[in-house]
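Colleague: Chains as they are written, first to last, in my numbering: chain B, 1162 to 1272; chain C, 1162 to 1272.
Where is the CB? At the ideal position from N, CA and C, for every residue including glycine.
2 protein chains.
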Amino acid sequence: MRSSIGEFEEIVLLVVAAQHDQAYGLSVTDAIEDQLKRSVKLSSVHTSLYRLEEKGLVESRIGKTSTLRGGRKKRHFTITKAGKTALIEAQEARNQLWQQVPSSVIDLKKV
Amino acid sequence: MRSSIGEFEEIVLLVVAAQHDQAYGLSVTDAIEDQLKRSVKLSSVHTSLYRLEEKGLVESRIGKTSTLRGGRKKRHFTITKAGKTALIEAQEARNQLWQQVPSSVIDLKKV
DNA sequence: TAGGTTGTTTTACAAAATAGTAAAAACCAT
DNA sequence: ATGGTTTTTACTATTTTGTAAAACAACCTA
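(1) Can you tell me where the alpha helix (DSSP H) with residue 1165 (chain C) in it begins and where it stops?
(2) Please say whether residue 1248 (chain B) and residue 1350 (chain B) have beta carbons closer to each other than 8 Å?
(3) Sort B:1253, B:1198, B:1224 and B:1246 by Cα distance to residue 1118 (chain B) and report the nearest one.
(4) Indicate whether at least one CB of chain B lies closer than 8 Å to the CB of residue 1172 (chain C).
(5) According to DSSP, is residue 1272 (chain B) helix, strand or coil?
(6) Could you check which residue in C:1188, C:1178 and C:1243 has the C-alpha nearest to that of residue 1235 (chain C)?
(7) Based on the DSSP output, what are the partners of residue 1250 (chain C) in its beta bridges?
(8) Compare the C-beta of residue 1267 (chain B) with all C-beta atoms of chain C and state if any pair is closer than 8 Å.
(9) Please list, in chain order, the chain C residues whose beta carbon lies closer than 9 Å to that of residue 1168 (chain B).
(10) Tell me, to the nearest whole angstrom, how far the beta carbon of residue 1240 (chain B) is from that of residue 1219 (chain B); I am working on the premise that it is less than 8 Å.
(11) Return the first residue and the last residue of the beta strand (DSSP E) that residue 1237 (chain C) is part of.
(12) My output table needs one value for residue 1222 (chain B): the three-state DSSP class, helix, strand or coil.
(13) Less than 8 Å separating the beta-carbons of residue 1207 (chain B) and residue 1266 (chain C)?
(14) Suppose only complete runs of 4+ residues qualify. What are the alpha helix (DSSP H) ranges in the segment 1181 to 1210 of chain B, listed by chain order?
(15) In angstroms with no decimal places, state the Cα-to-Cα distance between residue 1221 (chain C) and residue 1243 (chain C).
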């Protein structure tokens, strides 16, 4: 079977890319909930982040002790080159297909 | 868990939309192989088409006997309104996230 | 300095959805 | 009947997603 990237993983990966060097479990969770109006559990995001790391699409390091009021050190995630490639290729493949779709077909008002 | 649409299903759905009224098992398979350079089994496509139909994202009807040299009647698939909505929403959600990604991050030459 | 509080990661597991395959059945034309 | 094309069925494998609970780390207060 194909080992690529799932729907949710793609979202998480995009958010990591967007947050540049500052992505960690909670920040990614919040971004998804805010921007996509989709409720997610923190633990789901963590699981996803770890899987992405296993696949080499992100990498992580423990941050400095910059915590103001308690709390464990954050693990910051950044997208890797392979991650960028995966993201770009997925998008390009879709774009290519979208171009083939007649605009009349996709015009919701005419259905 | 979320019941949405998988990576492969999205591709199949896009191809059905692109082929307008003429999509059937083999035509979809060929389109994917040609355009995405990705090998797929005919039966995988069929399974996917049926699943999409169960979800209400495509609908199908048996075609006329237009077959020239033998062969069973084709089952033609068309995208439904729900299918179009699903496709558009998936794309819009991604586009929204893409906009947040700093272009410097996604520039592969600089990695 | 002990204990509580909070934010965070880590682990280990469970459930569900997706993808894939092979073989059989159906249909049609010759 | 034979052969070619396509659908249909039934099943399996794999991946993806989700959840809960435990472990950890720092700070705060008394």
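Modeller: In this structure, then:
(1) Residue 1165 (chain C) sits at position 4 when you count from the first residue of the second sequence. It is not in any alpha helix (DSSP H) - residue 1165 (chain C) carries neither H nor E in the DSSP assignment.
(2) Residue coverage of chain B in this structure runs from 1162 to 1272, which leaves residue 1350 (chain B) outside it and unanswerable.
(3) One cannot answer for residue 1118 (chain B) here, as it falls past the ends of chain B, which runs 1162 to 1272.
(4) Position 11 of the second sequence, counting from 1, holds the residue named residue 1172 (chain C). Closer than 8 Å to some Cβ of chain B, the Cβ of residue 1172 (chain C) qualifies, so yes.
(5) The residue you call residue 1272 (chain B) lines up with position 111 of the first sequence. Here the model assigns residue 1272 (chain B) a pLDDT of 47, short of 50, so the residue's position is not dependable, and the following value carries that caveat. Coil.
(6) In the second sequence, residue 1235 (chain C) corresponds to position 74, counting from 1. Out of C:1188, C:1178 and C:1243, C:1188 has the C-alpha closest to the C-alpha of residue 1235 (chain C).
(7) Translated into the one-based positions of the second sequence, residue 1250 (chain C) becomes position 89. Per DSSP, none; premise fails for residue 1250 (chain C).
(8) Along the first sequence, one-based indexing puts residue 1267 (chain B) at 106. Closer than 8 Å: yes.
(9) The residue labelled residue 1168 (chain B) in the question sits at position 7 within the first sequence. Near residue 1168 (chain B) (Cβ distances below 9 Å), the residues of chain C are 1163, 1165, 1166, 1167, 1168, 1171 and 1251.
(10) Against the first sequence, residue 1240 (chain B) aligns to sequence position 79. Against the first sequence, residue 1219 (chain B) aligns to sequence position 58. With a Cβ gap of about 6 Å, residue 1240 (chain B) and residue 1219 (chain B) count as contacting.
(11) Along the second sequence, one-based indexing puts residue 1237 (chain C) at 76. Run containing residue 1237 (chain C): 1236 to 1240, per the beta strand (DSSP E) assignment.
(12) To locate residue 1222 (chain B), count along the first sequence from 1; it is residue 61. DSSP places residue 1222 (chain B) in strand when its eight states are reduced to three.
(13) Start at 1 with the first residue of the first sequence, and residue 1207 (chain B) comes out as number 46. Start at 1 with the first residue of the second sequence, and residue 1266 (chain C) comes out as number 105. Not a contact, by the Cβ cut-off of 8 Å.
(14) 1186 to 1197
(15) In the second sequence, residue 1221 (chain C) corresponds to position 60, counting from 1. In the second sequence, residue 1243 (chain C) corresponds to position 82, counting from 1. For residue 1221 (chain C) and residue 1243 (chain C), the distance between alpha carbons rounds to 14 Å.
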